[in-house]
Amino acid sequence: MALLEIDQLSVRFATSVGDVLAVDRVSLRLERGELLGLAGESGCGKTTTALALPRLLPPTARVDATRMALDGRDLLALTEVEMEDVRWREIAVVFQGAMNALNPVMSISDQVLEPIQVHEPATSGREARARVDHLLEQVGIPARRGREYPHEFSGGMRQRAMIAMALACRPKLLIADEPVTALDVMVQAQILGLLRGLRDELGLGMILISHDLSVIAQACDRTTIMYAGRIAETGGVEAVFEAPAHPYTRALIEAFPDITGDRVFVDGIPGVPPDLRTPIVGCGFAERCPIRVDRCRTEEPLLRPVGGDHLAACHLAEVSR
Amino acid sequence: MMVLSAERRASIRRTFGQVWADRLGRTGVVLLGATAIVALIGPILFPFDPKQVGTSASSILRAPNGQHWLGTDELGRDVFRATIEGARLSLVIGLLATAISIVIGSVVGISAGYRLGRLDTVLMRFTDFFLVLPAVPLIIVLAALFGQSTLMIIVVIGLTSWPATARIVRSQVLSLRERQFILRIRSLGATDVRIIRSHILWNVMPLIFANTVLVIAGAILAEATLAFLGLGDPVQVSWGTMLHFAFESGATGRGAWWYVLPPGIGIVMVVLGFILAGHTLDRILNPRLRNR
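Protein chains in written order, with numbering that gives the first Met the number 0: chain D, 0 to 320; chain Y, 0 to 291.
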């Protein structure tokens, strides 16, 4: 049994201009000890998909799914009170922009301590302190530096502290939303290495959300590329990046300059993503697709295998390989 | 909960150092320190006995001399000793009234800013009501209603001087509650009490503190105003009551400057001290005014 099973997850936001379908029938599987990368450009629904699990979406969101289960436990059937218990103890989140999510006037260790105090009030003060020290060491912060305040920490250190905080209640699933976005490349590599190490050490399932394909390629085992609320392509990182089957994935990869190749001007993907207020007919990427055919505008491409567990939602998937 | 960690003590020391480094701030601190010392140990060295009145007509309103360094009042009592005694009462009233005012202001400001919605609307309209009400006439009415005791004066000043604090605290809480770390802690499932106690409160503390110092100045002035208008406690000596009796007895008209100037200068010094220290603190602790 997979650690996480999501079937046909849809999320709608009620807005003053009508419903916005932010996530459209997304299905995901995640094994224990697996690192899944959710990729796609801004607004494609990657964060919304992930935050629907611990029910951390704003109240205007309406979530539908045929199944959402963590470790066999049905997340859809939980009451709000039961969900409070699942949050942090089973599903922990490192939020986007987490480096600014520290209280400036509270010491780091006090902040790492807080989830334990909130969720495991029975833990004795000394035991909790010992756990905080251990957590800090685990993420590469010397325990004595826990007494310091956020302004005394660098961006990478703060991100480490946020990860320690997320791990405080020994979750099974860690959702890391753009965990390395504002960090420089060296620190990015360190943090990604840390996440992989923790995954191995603790057997965590991890969902890493990033708009940066190089981050996904560097850190993840599998990846799911999203576009306009739908999954465009999913599969092992090597398969997807070596032999992208969806034209959107190909375009994303081409939007990255090659470090060894000739000097070329990278011009990105022309056009803009579709307006999610109106239902998408056919393929969401059709308008920007260089290889579209008439059928793409009328018939929705479903995910289908293009090799092993490598799936792509494109009518031309086999042809374009 | 309020135990100060070594870091926090260090940061308080640092803040004090910054105030001291500022010329105006240092002037304020010196003025306040001098007044505090006078109020604390002055009455021990120079006790004032209000019953020790002059025995002959020549002992009233005497100009300063070797025996009475600042002359005598209309009952022949020593003005120097009365001034020292008055410092104590003025400071005590100022501090206690401020304590009431800050507690009400912070509670109202934090609840309104954190809870928002209907509670916010009700609390803020209530605050606005107190804010637009001219304070002095209101205090006069309240003091007249509730009598002329020192306790009443403290309560009345405390109850009328909180609206500005509430407004300032609320605006800060409004911005704090939307900050990332508060949202994160809320997603953690922390209770509101916990969020306010261990996160919001410590973050608005500098603002409350800087504001407190300014409120004390206002409270001392308010006490002097009330007492001068004859609404103070007539049995206790404060700078305000001294000015009141000086005015009543016609000391001003008779050119008895030694009776009018000491309490007047005392009030000015203390209020100036608090305002200078308060503004300096405000500049240091209020992120928008901090010069980098």
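Glycine is no exception: its CB is placed at the ideal position from the N, C-alpha and C atoms. Just so it is clear, the structure is predicted and the values come from calculations on it, not from any experiment.
For L56(D), none of the residues of chain Y pass the 8 Å Cβ criterion, the least Cβ distance being about 11 Å.
Between I156(Y) and G32(Y), the alpha-carbon positions lie close to 24 Å from each other. As a beta-bridge residue in DSSP terms, I5(D) pairs with L27(D), M67(D).
For E83(D), the nearest CB of chain Y lies under 9 Å from its own CB, placing it at the interface with that chain. By the CB criterion at 9 Å, R31(D) and G202(D) fall inside the cutoff. Membership of I103(Y) in the alpha helix (DSSP H) is indicated by the continuous run 78-114. The beta carbon of A100(D) falls within 9 Å of a beta carbon belonging to chain Y, placing the residue at that interface. A Cβ-Cβ contact shorter than 9 Å links Q147(Y) with P233(Y). In the DSSP annotation of this structure, R25(Y) is not part of any beta strand (DSSP E); the continuous alpha helix (DSSP H) holding it starts and ends at 22-44. Contacts between P114(D) and chain Y, judged by CB atoms closer than 7 Å, involve L187 in chain order. Ranking L207(D), D220(D), Y247(D) by CA distance to the CA of G234(D) puts D220(D) first. The three-state secondary structure of M105(D), taken from DSSP, is coil.
One Cα belongs to V267(Y), the other to R178(Y), and the distance between them is close to 41 Å.
The beta carbon of L213(Y) lies closer than 8 Å to those of F273, I274, G277, H278, D281 in the same chain, with the five residues before and after it left out. Residue contact check for H198(Y) against chain D: a CB pair falls below 9 Å.
Checking the DSSP bridge columns, you'll see E247(Y) has no partner listed.
Cβ neighbours of C288(D) within its own chain (closer than 8 Å, five residues either side excluded): P246, Y247, C282, C295. Beta-bridge pairing by DSSP links I174(D) to V92(D), I206(D). Between R169(Y) and M241(Y), the C-beta gap is not smaller than 9 Å, which leaves the two residues out of contact. Here T34(Y) is not near V259(Y), since their CB atoms are 9 Å or more apart.
Of the residues G16(Y), F180(Y), A98(Y), L150(Y), the one whose Cα lies closest to the Cα of L230(Y) is L150(Y).
For C313(D), the closest C-alpha among the options V265(D), A231(D), I279(D), V19(D) is that of A231(D). In the DSSP annotation of this structure, the continuous segment of the beta strand (DSSP E) that includes T223(D) starts and ends at 221-226. In the DSSP annotation of this structure, the continuous segment of the beta strand (DSSP E) that includes L310(D) starts and ends at 309-311.
Inter-residue distance for P58(D) and L20(D) is about 15 Å (C-alpha atoms, whole angstroms). Between N202(Y) and chain D, the shortest Cβ-Cβ separation is below 9 Å. Taking C-beta atoms under 8 Å as the contact rule, T223(D) and L50(D) fail to qualify, at a distance of about 15 Å.
If you draw a straight line from the Cα of I206(D) to the Cα of G306(D), it comes to about 23 Å.
Closest in C-alpha terms to A143(Y), from the list F125(Y), I109(Y), L95(Y), L228(Y), comes L228(Y). A check of alpha carbon separations from Q187(D) across G204(D), Q158(D), D308(D) identifies Q158(D) as the nearest. In chain Y, no part has a C-beta under 9 Å from the C-beta of V62(D); the shortest such distance is about 16 Å. Counting along the chain, the unbroken alpha helix (DSSP H) around T47(D) starts and ends at 45-51.
The closest CA to that of T26(Y), considering only L271(Y), L284(Y), G254(Y), is found on L271(Y).
Interface residue (Cβ-Cβ distance to chain Y less than 9 Å): H118(D) is classified as such.
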